[in-house]
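Line by line, the protein sequences give chains A and B. Residue numbers for the first sequence follow this note's numbering, beginning at 10 and rising by one. Residue numbers for the second sequence follow this note's numbering, beginning at 340 and rising by one. Beta carbons: idealized from backbone N, C-alpha and C, even for Gly. Structure, as structure tokens:
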Amino acid sequence: MAGYKPVAIQTYPILGEKITQDTLYWNNYKTPVQIKEFGAVSKVDFSPQPPYNYAVTASSRIHIYGRYSQEPIKTFSRFKYTAYCATFRQDGRLLVAGSEDGGVQLFDISGRAPLRQFEGHTKAVHTVDFTADKYHVVSGADDYTVKLWDIPNSKEILTFKEHSDYVRCGCASKLNPDLFITGSYDHTVKMFDARTNTSVLSVEHGQPVESVLLFPSGGLLVSAGGRYVKVWDMLKGGQLLVSLKNHHKTVTCLCLSSSGQRLLSGSLDRKVKVYSTTSYKVVHSFDYAASILSLALAHEDETIVVGMTNGILSVKHRKSEAKKESIPRRRRPVYRTFIKGKNYMKQRDDILINRPAKKHLELYDRDLKHFRISKALDRVLDPTCTIKTPEITVSIIKELNRRGVLANALAGRDEKEISHVLNFLIRHLSQPRFAPVLINAAEIIIDIYLPVIGQSPVVDKKFLLLQGLVEKEIDYQRELLETLGMMDMLFATMRRKEGTSVLEHTSDGFPENKKIES
Amino acid sequence: MVDEETIRVVRCGGSELNFRRAVFSADSKYIFCVSGDFVKVYSTVTEECVHILHGHRNLVTGIQLNPNNHLQLYSCSLDGTIKLWDYIDGILIKTFIVGCKLHALFTVAQAEDSVFAIVNKEKPDIFQLVSVKLPKSSSQEVEAKELSFVLDYINQSPKCIAFGNEGVYVAAVREFYLSVYFFKKKTTSRFTLSSSRNKKHAKNNFTCVACHPTEDCIASGHMDGKIRLWRNFYDDKKYTYTCLHWHHDMVMDLAFSVTGTSLLSGGCESVLVEWRDATEKNKEFLPRLGATIEHISVSPAGDLFCTSHSDNKIIIIHRNLEASAVIQGLVKDRSIFTGLMIDPRTKALVLNGKPGHLQFYSLQSDKQLYNLDIIQQEYINDYGLIQIELTKAAFGCFGNWLATVEQRQEKETELELQMKLWMYNKKTQGFILNTKINMPHEDCITALCFCNAEKSEQPTLVTASKDGYFKVWILTDDSDIYKKTVGWTCDFVGSYHKYQATNCCFSEDGSLLAVSFEEIVTIWDSVTWELKCTFCQRAGKIRHLCFGRLTCSKYLLGATENGILCCWNLLSCALEWNAKLNVRVMEPDPNSENIAAISQSSVGSDLFVFKPSEPRPLYIQKGISREEVQWGVFVPRDVPESFTSEAYQWLNRSQFYFLTKSQSLLTFSTKSPEEKLTPTSKQLLAEESLPTTPFYFILGKHRQHQDEKLNETLENELVQLPLTENIPAVSELLHTPAHVLPSAAFLCSMFVNSLLLSKETKSAKEIPEDVDMEEEKESEDSDEENDFIEKVQDTNNTGLGEDIIHQLSKSEEKELRKFRKIDYSWIAAL
């Protein structure tokens, strides 16, 4: 026969952000460390080698920070003008940076003075990068040119003059030493091959390109410019795969998570969005205090560093995971006792007798099953339940009402117990989702306790509070109805002559005939 | 061939199983229960109906086993006869004609040639217990007019009479007194309870009585839930009674176990209480039986109990209070809100069942298939409690979706409304809750319909409500990257001048939606949800609305409360015709253009079948039922009938079922009632004497087929094909009890081979006889060898399985060969 059916707890849609694996992952960071830089932080770059230091380019300085240091462990400040795009080499030992005056400087991490200076650009160099073979540097400048430099003899190898506007971003392929990509304000992203003199591929982004990114496989290219982030399939000759428009201001920086599963974009609208690289849907988003110019993720996503226009560098470290072990665990029976006999494989002629699965019932359900109605109500009026899960309390009250025993359960309470009930009513009576049930309960309470009113000042005070609440709610509902009336009139004037209807949202009519005598 | 017969209204299944106590056979293998004019024999193990004993011409009111022969069963009926049956073969042995209405039947082992019955002779409400002497005679029909009066002025219900202590006395209760008649002394003792004089004992009425099988002890149940155990009732003065009180409401029935050590009681709490040793402390419960317990009975062997419930159900319970089987008929004790529907998948009739459930009822087998729990809340049975009611339900998208609406209205202003959408899951073969919508409308939902167009890409549901709106719900994909889910959301809300929406209906192709707002019918485009046109006849609120189908799809029909049936042409947007007809039920046939309308007048209900294209009805049948018809439905036939007569053609593709106010399910038929109500299995059984097993059904058909073939072959004088009966393998297979047969895997190849015989015979023909013999010898040798091998391997006890298979297949071969030989000899004889 059918067993006891537990009370159906009314579930309400959870408002706000849904908790997903991604929100858990991306929220699992400590509160950010704020570091003040001298100017807008235009570039943050992590060293690919341990100990994963990062270089921050702001104004005319390049600071190198250690993983947990709040003070720079090294500073390169020998720039006359603004420095741009300090980038580590793959081995983490060299650093290259462009400058406002058109120079490109190569630094040794341990040294101070530049090892090499590449002169040739006539205007500010906004992007520099090492090629995959480590011996060349690619640079793009505001003089519309892209140059390839040789590190050992500090000479210019190639110059590409295909862009028709400032070259502001670029990156070199991590697999092929001859391939690199640049994005320009002429709305194009071009791929160059050092073995030829011309670009091998050009895609039209549609807006001035602020940032480009190649996937580790080199098959996909991501470009950001204007409010769009676009993903291109390089293997199909630069076909647009997807266009994302999730920011409402210019997207300035792009970054991939260490697993390659998530793409991050930072924008002037002060948000960092995290996309899934399989579905290209936003799975998470971060808010920052100012417009974001640069963004970098450390190895294994341990740290998120965001540089902003106001010169603030925000550094977030991942929370360490192994912390909960501190509490000594209660000694439990060993694992073996639990699985005893569970892993027994059924032999051919065995007859399996299943033990009926025992259904777990909540405590209030157990009370209701045995018709202990007052006890069930007491249990759900416990503060731990009313604060955390008021919907359970309301569902039990509703169930008692359905069983026709709500009055019995509410009657015969002393001052303390009745004030528990009244506290709950005061807190939740005006919530539209609970109102129908709770108004009924309030009416019953008033009916029951009307003869003894005035005997306890505590309860009287609660009743007065409740009365005030109801009056306030009635006023509020009246105002809402007035507003609705006004809106109706506006709609009526706008409506076409036809008898078609207009979708209307009517608020929950709050029964106004509610009176509380106290 | 069927044209000559006229269409009659016949009752179709769904008869009560809980009218009287069920009776167990002596070996507890079968259980008998009265069911309308029939007695049904069920197996207690498989819950299947084994026989239907029909022969009575009126309601069967009592059944008892023949105490002198446990393979026979007595039954009595309001038609004034007592019949004796052989229940194992389902044969009527004898009929005793008593001549007056019999209301109950009792048998006592001591009174050998007589039975006891409750009759009413003079006045309609005075009942007497009489002893009927059954004359011994060899003829089929015997007059049994020799009645001897036992007790007068008794209660009609057989629950109020009990024979105790091997038939020494009979106890009868009525209102506030218990009377005991002693057969030997021929005296009656009467014990009266303090009746309604004081308020405390106001509900002291007796409701039922049971007697201890061996001791002098009578248990009586009372209106207030008490059970009294009476002792020492031989003396009018010294009698004593003890009280057992657990039930909070009326005790519906009582029964002692066979040994008398425990007493069973039940009531509307739907809890079976077992009182051990007749003490208040020692009690066991079997709770949640689903509905009020009406009757309790105990098997003579003592191993089973059974309870009959008000929801037309019999539960068979083991001695240790464990329910073992449920025999469930059509649940009928509640009002039907959902109407009659047909589940497109199972072709089962779907309607309200147990509280909060939808029942799926098979019309063919008169059996409930399953219950779908819609409300999913604990049912509390208490008088005056307002329950959640399942008010509307609809199937959509070829049975893939089910929408249900439940409501509970305590006061005028407080309405709880919930709409649930269920998806059919192919894996579990059942409906799974997909979406739950709280308060889909501000007021009661009046109509619910799915768009059932074949090419509709998106499931669409429309609800119409008294709050003046109709809402369109669509299935949307709200999957994100983490999981894939589908759910229903509101797509459009429409209204028409704030009138109450009363009906909604999609056209056959799903392109138009008709919604009636009180007197006005509005037509909406289902793509853009624009109002296309309105029809208004000013003839009262629209009660029913439906589109024509197939060739008549340009017509829209509406029936109003003022008794006007209107037909509008959708192409000309004008009224095509109207007729004065007070339509109660209007149902379109899904397989044809026909529409059935049942009208209500003061004398009864009339049926009209018509096509929307012509106002003249195809078929009229007056007076199909005296009472109001509430719901009707067309059920597509599995095998189309072939009525050639024009009047009956509407019954070719579908059958029309309807439900009256007293909840009897009726249909139209041309067959005679016996033929109609005999299940197909029974018809087969009459011809064959093989045990009825599911396996048999497969073979049975095969055999029939073979029979037909046989006839053909005989006619054509061709070589006769061997029949399955002649195949020893098959007959052995069928006649050997299942538990001694080897597993099906072994039998399979043998069986299949035996069916492939015609070719084998030809090949056998070519082989000379002596070769065959040799082979057989060889095989015998090899058999011996195998035996030897087996012995050896028994000692080794390894790798046994394969060789057994091998050996068995050898024996099969041998058998086959033997058979082949037989066949061959037969050919040689020819």
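Review point. What do you reckon, are the CB atoms on isoleucine 346(B) and tyrosine 987(B) nearer than 8 Å?
Key: yes
Exercise for review: Taking 8 Å as the threshold, find out whether the segment 651-658 of chain B comes into contact with the segment 682-691 of chain B through three or more Cβ pairs.
Suggested key: no
Practice item. Pull up the CB-CB distance for isoleucine 666(B) and tyrosine 381(B), whole angstroms please, since I reckon it's below 8 Å. Key: 5 Å
Practice item. Just mark arginine 204(A) as buried or exposed, buried being the case when its beta carbon has 16 or more other beta carbons within 10 Å. Key: exposed
Point to revise | Under 8 Å between C-beta atoms of phenylalanine 435(B) and leucine 473(B) | key: yes
Exercise for review: Check the Cβ of proline 445(A) against every Cβ in chain B and list those closer than 7 Å, keeping chain order.
Suggested key: Glu753
Check your understanding: Relative to the C-alpha of asparagine 930(B), which residue among Phe545(B), Phe995(B), Lys576(B) and Ser477(B) is closest?
Key -> Phe995(B)
Practice item. Would you mind working out which of Lys822(B), Leu772(B), Gly807(B) and Gly826(B) sits nearest glutamine 797(B), comparing C-alpha positions? Key: Gly826(B)
Check your understanding: Counting Cβ pairs, one atom from each stretch, are 3 or more of them under 8 Å apart for the segment 391-401 of chain A and the segment 429-449 of chain A?
Key -> yes
Check your understanding: In chain order, which beta strand (DSSP E) runs of at least 3 residues are fully inside the segment 501-582 of chain B?
Key -> 508-513, 516-521, 526-531, 545-550, 557-561 and 565-570
Point to revise | Contacting residues, own chain, Cβ-Cβ under 7 Å from isoleucine 427(A) (five flanking each side not counted) | key: Tyr458 and Val468
Check your understanding: From the DSSP output, which residues share a beta bridge with lysine 282(A)?
Key -> Ser274(A) and Ser294(A)
Review point. Any idea which residues DSSP pairs valine 5(A) with across the strands?
Key: The requested residue 5(A) does not occur in the structure, where chain A is confined to residues 10 to 527.
Check your understanding: Is it buried or exposed for aspartate 376(A), if we count other Cβ within 10 angstroms and need 16 for buried?
Key -> buried
Check your understanding: In angstroms, rounded to a whole number, what distance separates the CA positions of threonine 1137(B) and isoleucine 362(A)?
Key -> Its pLDDT being 44, under 50, threonine 1137(B) is placed unreliably in this model, and the coordinates cannot settle the point.
Check your understanding: Under 8 Å, do arginine 177(A) and glutamate 219(A) count as touching if we go by C-beta distance?
Key -> yes
Point to revise | Sufficient close CB pairs (3 or more, under 8 Å) joining the segment 945-954 of chain B to the segment 886-904 of chain B | key: yes
Review point. So isoleucine 934(B) and aspartate 945(B) are in contact, right, with Cβ under 8 Å, and what is the actual spacing, rounded?
Key: About 15 Å; that fails the 8 Å criterion.
Exercise for review: Identify whether tyrosine 700(B) lies in helix, strand or coil by the three-state DSSP scheme.
Suggested key: strand
Review point. Can you list, in chain order, the residues of its chain whose CB lies under 7 Å from that of glutamate 386(B), leaving out five sequence neighbours each side?
Key: Ala664, Val665 and Ile666
Check your understanding: Does the beta-carbon of valine 343(A) have 16 or more other beta-carbons within 10 angstroms, so that it is buried, or is it exposed?
Key -> exposed
Exercise for review: Output the distance between the C-alpha atoms of methionine 591(B) and glycine 421(A), rounded to the nearest integer angstrom.
Suggested key: 34 Å
**Study point:** alanine 1077(B) (DSSP reduced to helix, strand or coil)
**Key:** helix
Check your understanding: Going along the chain, which unbroken runs of the beta strand (DSSP E) with 3 or more residues stay wholly within the segment 965-990 of chain B?
Key -> 968-975
Review point. If you measure from the beta carbon of isoleucine 18(A) to each beta carbon in chain B, is any gap under 8 Å?
Key: no
Check your understanding: Would you call the segment 631-647 of chain B and the segment 358-378 of chain B in contact, with 3 or more CB pairs under 8 Å?
Key -> yes
Check your understanding: Closest Cβ-Cβ distance between glycine 12(A) and chain B: below 8 Å?
Key -> yes
Practice item. Indicate the three-state DSSP secondary structure (helix, strand or coil) for asparagine 3(A) in the structure shown. Key: Residue numbering for chain A in the displayed model covers 10 to 527; residue 3(A) lies beyond these limits and cannot be assessed.
Point to revise | Rounded Cβ spacing between valine 489(B) and phenylalanine 530(B) (contact assumed at less than 8 Å) | key: That belief does not hold up - the Cβ atoms of valine 489(B) and phenylalanine 530(B) are roughly 18 Å apart, past 8 Å.
Check your understanding: Where do the N-terminal and C-terminal ends of the beta strand (DSSP E) with phenylalanine 488(B) fall, by residue?
Key -> 486-493
Practice item. Express the C-alpha separation of valine 512(B) and aspartate 575(B) in angstroms, rounding to a whole number. Key: 16 Å
Review point. List, in order along the chain, the chain B residues whose C-beta lies closer than 7 Å to that of threonine 29(A)?
Key: Tyr821
Review point. What is the DSSP secondary structure of valine 590(B), counted as helix, strand or coil?
Key: strand
Practice item. Compare the C-beta of arginine 627(B) with all C-beta atoms of chain A and state if any pair is closer than 8 Å. Key: yes
**Study point:** Straight-line gap, arginine 411(A) to glutamine 716(B) (C-alpha atoms, nearest Å)
**Key:** 10 Å
Check your understanding: Is the Cβ of isoleucine 719(B) closer than 8 Å to any Cβ of chain A?
Key -> yes
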